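Protein chains in written order, with this note's numbering: chain A, 1 to 346; chain B, 1001 to 1586.
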Amino acid sequence: MDFSIASILTLDGVTNGAIYALLAIALVLVFAVTRAIFIAQGEFVAYGALTLAMFQLGKLPGTVWLLLVLALLVALLDGVAALRRRDQPMSRVLVGAAKTLWLPLLVCAVSAIAAPRQWPMAVQCLLTLAIVTPLGPLVYRLAYQPLADATVLVLLIVSVGVHFAMTGLGLVFFGAEGFRNPSFWDDRFNIGPLTLSGQTLIIFMVSIVLIASLWLLFERTLRGKALRATAVNRLGARLMGISTTGAGKLSFALAAFIGALSGLLIGPTTTMFYDSGFLIGLKGFVAAIFGGLASYPAAAFGAIFVGILESFGSFWASEFKEVIVFTVILPVLLWRSFQHGTNDEE
Amino acid sequence: MRRYALIIFAVLLAVLPQLPVPEFWITQLNYIGLYALVVIGLVLLTGVAGLTSFGQAAFVGVGAYTTAYLSLHFGLSPWLNVFVGLALTAVVALVLGWITLRMSGHYLPLATIAWGLSLYYLLGNIEALGKYDGLLGIPAIKFFSVDLSTGRSFFYLLWLLVLLASVAVIHLLDSRTGRALRALKSGATMPEAMGVDTYRMKVTAFVLAALLASVSGWLFAHFQRSVNPSPFGLKMGIEYLFMGVIGGIGHVWGALAGAGVVKVLEDQLQVWLPKLLGGGGNYEVIVFGILLVLVLQYARDGVWAFIEARLPKVRRKVDWADAPALSERPRPAHGELVLDVNAVRKEFGGLVAVNDVSFQVRAGEVVGLIGPNGAGKSTTFNLVTGVLPATRGAVTFRGQRIEGLSSRRIAQRGVSRTFQHVKMIPGMTVLENVALGAHMRGGRGVAAAMLRLDRAEERGLLREAERQLKRIGMAEHMHELAGNLALGPQRLMEIARALCADPALLLLDEPAAGLRLQEKQGLIAVLRQLRDEGLSILLVEHDMDLVMEITDRIVVMEFGTKLIEGTPEEVQASPAVRAAYLGTEH
């Protein structure tokens, strides 16, 4: 190992780390707002990358159908619940259903037109985001909302169920084959021994822009502050007129968006399979644990560390790189346990 | 009735391999038994202790690979290997538990995910373990001269172990240690105040679950005669949890039901789904995933709850009537200084919740601690009982400083308490809840409970629980579930539980809230009797009639500071107290 190899590995690690940082931030957000440990976060990464891959092949991705079915289910469940309560006129119930359905329908229609005509890559990326992002709040509504007051343990098991279902559906939608998306930007830049690809630059820029806009959302907007309030105290937030259901949906929408975007970003750098998302998401978890699932900056730094560890691990002992990455969780947990000690009441 | 059902089940299992049942079903039942062993452990861990693990499949792997490697490379007997496997498993489980269980509950599942993944990749990359191809040609288990190489002969060993494990866990749950395990779900504060070492209990539950998984792995290796990493990965780890939830994670028999339902369902889905969706692949996980979410939303107690509801209720047989009384600690002499709180202070950030408060309680004395809401009474309680650490000041109990001790250590010295918001285990009977209070007066552990060697001690504990319930006038509620009681009786139950610990000082946090007049009169009588027996009582209460009637001295607090201290008459006459409660006229 010399300096140039080390610097190449570091660059590689930081690039992957940037993706893990985005995922870790999403995981911390979802946990803080809904108390759900969202194991299925990684599935959105795979869905993002592979939905784009399907567009690239000129096929209509199966995620479109998932979006439609979930939206219809939600509209149906909400409609039935509203009718049972008997506190709304029929017209209001229908408007509610229309509100749930219009965006998925529109996205599906545009996708159906765009897919066979192979519209430009940028449009395909936007469509991918538009398909995957609404899956987040729909999944929240169907799986988590009825259990919003359950324990962390129950919500964790729900996450496992969602992960199972989404992975299996991924296999149905995308098949068992792997895909590698074309690069967004093919230029390369030489800085000393390092070669920066355009894709790497895009990953860095998008990550920075996203983290900055999340910061703006939490610091400068009312909805962002409502999210933070819900994270601190659900009951208190509700008493202040903040809808915790709305906060839950928003946090899942952000998680799905961040997942899909991460999928678009890494799609060109690695071959993605229907089940690749899980491991990527779990690395986000290892990072999030650095901050005790509570601190955004600690999670981001943890993510960079995980990325670098992974790239050096694959250089030294490529077969054991996953073992190295996942066993690092143990010393981190040990360190946290001695720092914070017993903290048990939920 | 239930015992007969178990015997019939055992006999059924015994004759089944002798009947002309197709080999396929024997194999299915063998897999169900192997899974059930793991899931029984998860019932203990998840359903009882409220923790969870996705790494159980990896513990199965430790058991399987250990015996496979040792039989193939050293020719050792499987009967020796099982213990090596158990020892290795225990070491891993102890390390994982030691690291994660001090922190809140969700770190264990995350750590076990990492453990499950790591072991899978490790097994798949070690040359000596055959990498992803695994190890082949593992010998069958020999039982004396009988080779358990057929499915039918193996069936007997397997199901014998499944039944033994089920009965052992059921015995464990109905014991001193079992009550402590069942208390873990409700948070650490209450069990710790009863003298339960909750951290140790959690580690115990995790290690036991891991050991059961390891035994299953040992059997698995000698049943399949080959091992490779794939059945020990994370997916299988999650599937075990799925079996537990479907079957009913709170019941030992739910583990068997869940393993059976999931195995049969999996086979059917693997046939039907590829026909429906085309192509091949693990489509059954879609159905499993959705089913898991639906079960949690609509039938959280799983399949077994439906069966359980149709079974006759068993009422505990009272067999402790002539058990010897438990030994009691020597009571302090009347008038001896029991509790000395000296300038104790608690700050939360900038807020001073308790501001240099001092008071004393002597043996045979009832002291009331009163004040408007937010005066710092409950915080003072928590400082005395060690639930919160004091910022400054000294608390001395019977001549020993206790302010730095944990609430468990303080409880061991003879301080017992009730809670402002009742903390109990709703799924246990009143008797069992109260017996939890006597935890420190017994010493039998897991092994004794599983083998039922703890019955003599258990009878003593239950006798004491019944005695305290009688004393507080609740004997007729003994066999009811605590969760079905009204708030008043729940509070009385907490007092009985606290008395079960044989305390020298009893702290009661609003014991009369929610009591009816008659119950209140009864409570006053009991408190008087306790005081006459030499017990010291510190009482936080808003019911002034009760406070004035029962207390010898009253400490009045306001805004964290002690306002005055005196006899009930002095306090009633004090204009300062009146001002604190009702405000001043201008």
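Each residue gets a CB set at the ideal place from its N, CA and C atoms; glycine is no exception. Treat the numbers as computed from the prediction; the structure is a model and nothing was measured.
Residue burial classification, residue i (beta-carbon count within 10 angstroms, cutoff 16)
| i | result |
| --- | --- |
| B:Ala1486 | exposed |
| A:Ala212 | exposed |
| A:Glu345 | Confidence is the limiting factor: at A:Glu345 the pLDDT is only 41, short of 50, which leaves the residue's position unreliable, though a coordinate-based value still follows. Classification for A:Glu345: exposed. |
| B:Ala1321 | exposed |
| A:Phe189 | exposed |
| A:Gly305 | Correcting the residue type first, residue 305 of chain A is Phe in the shown sequence and not Gly. The residue in question, A:Phe305, is buried, as its Cβ has 16 or more Cβ neighbours within 10 Å. |
| A:Thr195 | exposed |
| A:Pro182 | exposed |
| A:Trp215 | exposed |
| B:Phe1288 | buried |
| B:Ile1008 | exposed |
| A:Tyr274 | buried |
| A:Asn343 | Here the model assigns A:Asn343 a pLDDT of 46, short of 50, so the residue's position is not dependable and the matter cannot be decided. |
| B:Ala1010 | exposed |
| B:Lys1562 | buried |
| A:Arg348 | In the structure as shown, chain A begins at 1 and stops at 346. Residue 348 of chain A is therefore absent and cannot be evaluated. |
| B:His1484 | According to the sequence displayed, residue 1484 of chain B carries Asn and not His. When all chains shown are included, B:Asn1484 counts as exposed. |
Residue i and residue j closer than 8 Å at C-beta
| i | j | result |
| --- | --- | --- |
| B:Val1082 | B:Val1215 | yes |
| B:Ala1111 | A:Leu330 | yes |
| B:Ala1209 | B:Leu1019 | no |
| B:Thr1100 | B:Leu1108 | yes |
| A:Ile280 | A:Leu156 | no |
| B:Gly1604 | B:Gly1217 | The structure shown does not extend to residue 1604 of chain B, since chain B is modelled only from 1001 to 1586, so the question has no answer here. |
| B:Ala1498 | B:Gly1437 | yes |
| B:Glu1113 | B:Leu1212 | Residue identity differs from the one stated: residue 1113 of chain B is Ile in this sequence, not Glu. For B:Ile1113 and B:Leu1212, no; Cβs fall outside 8 Å. |
| B:Arg1619 | B:His1171 | Residue coverage of chain B in this structure runs from 1001 to 1586, which leaves residue 1619 of chain B outside it and unanswerable. |
| B:Arg1413 | B:Ile1402 | yes |
| B:Gly1587 | B:Ala1353 | Given a span of 1001 to 1586 for chain B in the structure shown, any question on residue 1587 of chain B remains unanswerable. |
| B:Met1478 | B:Leu1431 | yes |
| B:Ser1407 | B:Asp1509 | no |
| A:Gly17 | A:Ala303 | yes |
| B:Gly1639 | B:Gly1116 | For chain B, the structure presents residues 1001 to 1586; residue 1639 of chain B sits outside this window and is missing. |
| B:Phe1588 | B:Ala1068 | Nothing about residue 1588 of chain B can be reported from this structure: the residues present for chain B run from 1001 to 1586 only. |
| A:Ala109 | A:Phe55 | no |
| A:Val325 | A:Lys283 | yes |
| B:Phe1242 | B:Leu1296 | no |
Proximity test, residue i beta-carbon vs the ligand GTP heavy atom, cut-off 7 Å
| i | result |
| --- | --- |
| A:Thr128 | No copy of the ligand GTP occurs in the structure displayed, which carries no ligand at all. |
contact_flag[the region 173-186 of chain A, the region 47-54 of chain A] where n(CB pairs < 8 Å) is 3 or more: Yes: the two stretches touch, three or more of their Cβ pairs being nearer than 8 Å.
Residues, ordered as in the chain, of the region 34-47 of chain A that lie near chain B by beta-carbon distance below 7 Å: Those residues of the region 34-47 of chain A that come within reach of chain B (Cβ to Cβ, closer than 7 Å) are Ile37.
The region 1385-1396 of chain B / the region 1139-1147 of chain B touching (three or more Cβ pairs under 8 Å): They do not touch, by the three-pair rule.
Beta strand (DSSP E) runs contained entirely in the region 1038-1120 of chain B, provided each spans 3 or more residues: DSSP runs (the beta strand (DSSP E)) wholly in the region 1038-1120 of chain B: none.
Secondary structure, beta strand (DSSP E): runs of 3+ residues fully inside the region 1379-1427 of chain B: Taking only runs of at least 3 residues, the beta strand (DSSP E) segments lying wholly in the region 1379-1427 of chain B are 1392-1397, 1415-1417.
Ordered list of alpha helix (DSSP H) runs contained in the region 1191-1236 of chain B, each at least 4 residues: Those alpha helix (DSSP H) runs which fall completely within the region 1191-1236 of chain B and span 4+ residues are 1198-1224.
Interface residues of the region 146-167 of chain A facing chain B [CB-CB below 8 Å]: Result list: Pro146, Leu147, Ala150, Thr151, Val152, Leu153, Val154, Leu156, Ile157, Val158, Val160, Gly161, Val162, His163, Phe164, Ala165, Met166, Thr167.
Sufficient close CB pairs (3 or more, under 8 Å) joining the region 220-228 of chain A to the region 6-14 of chain A: In short, these stretches do not touch, since the Cβ pair count stays below three.
Three CB pairs or more closer than 8 Å across the region 248-261 of chain A and the region 24-34 of chain A: Judged by Cβ distances under 8 Å, the region 248-261 of chain A makes contact with the region 24-34 of chain A, as three or more pairs qualify.
Inter-stretch contact (C-beta, 8 Å, three-pair minimum) for the region 1322-1335 of chain B and the region 1266-1283 of chain B: The region 1322-1335 of chain B is not in contact with the region 1266-1283 of chain B.
Interface residues of the region 306-335 of chain A facing chain B [CB-CB below 7 Å]: Taking 7 Å as the Cβ-Cβ cut-off against chain B, the residues of the region 306-335 of chain A that qualify are Glu319, Phe320, Glu322, Val323, Phe326, Thr327, Ile329, Leu330, Leu333, Leu334.
Segments of 4+ residues assigned as alpha helix (DSSP H) that fall wholly inside the region 1449-1477 of chain B: With a minimum length of 4 residues, the continuous alpha helix (DSSP H) runs that stay inside the region 1449-1477 of chain B are 1455-1471.
Within the region 1336-1360 of chain B, ranges of the beta strand (DSSP E) (whole runs, at least 3 residues): List check, beta strand (DSSP E) in window: 1337-1348.
Within 7 Å of chain B by C-beta, residues of the region 166-199 of chain A in sequence order: Under the 7 Å Cβ criterion, the region 166-199 of chain A contributes Thr167, Gly168, Leu169, Leu171, Val172, Ala176.
Entirely enclosed alpha helix (DSSP H) segments - the region 196-277 of chain A, minimum 4 residues: Fully enclosed alpha helix (DSSP H) runs of 4 or longer: 198-220, 222-232, 234-239, 244-266.
At least three beta-carbon pairs within less than 8 Å, the region 1335-1349 of chain B to the region 1305-1324 of chain B: They do not touch, by the three-pair rule.
Validate contact between the region 1357-1377 of chain B and the region 1547-1558 of chain B using beta carbons, cut 8 Å, 3 pairs: Yes, they touch.
Members of the region 1280-1302 of chain B that neighbour chain A once the beta carbon cut-off is set at 9 Å: Those residues of the region 1280-1302 of chain B placed with their C-beta closer than 9 Å to a C-beta in chain A are Gly1280, Gly1281, Asn1282, Tyr1283, Glu1284, Val1285, Ile1286, Val1287, Phe1288, Gly1289, Ile1290, Leu1291, Leu1292, Val1293, Leu1294, Val1295, Leu1296, Gln1297, Tyr1298, Arg1300, ordered along the chain.
Cβ-based contacts, 7 Å cut-off: residues of the region 1108-1129 of chain B near chain A: Within the region 1108-1129 of chain B, contact with chain A at the beta-carbon level (separation under 7 Å) is assigned to Pro1109, Leu1110, Ala1111, Ile1113, Ala1114, Leu1117, Ser1118, Tyr1121, Leu1122, Asn1125.
Residues of the region 1046-1057 of chain B whose Cβ lies closer than 8 Å to any Cβ of chain A, in chain order: For the region 1046-1057 of chain B, residues whose beta-carbon sits nearer than 8 Å to a beta-carbon of chain A comprise Thr1046, Gly1050, Leu1051, Thr1052, Phe1054.
Residues of the region 1226-1247 of chain B with Cβ closer than 7 Å to any Cβ of chain A, in chain order: Here the close residues are Ile1238, Leu1241, Val1245.
Touching by the beta-carbon criterion (3+ pairs, under 8 Å), the region 234-244 of chain A and the region 19-30 of chain A: No: fewer than three Cβ pairs fall under 8 Å.
Cβ pair count under 8 Å reaching 3, the region 1150-1160 of chain B against the region 1243-1250 of chain B: With the cut-off at 8 Å, the region 1150-1160 of chain B and the region 1243-1250 of chain B do not touch.
3-residue-minimum beta strand (DSSP E) runs that sit fully inside the region 1150-1179 of chain B, ordered along the chain: You should have found no qualifying run.
Interface positions of the region 1520-1538 of chain B facing chain A (Cβ-Cβ less than 8 Å), listed along the chain: Answer in chain order: no residues at all.
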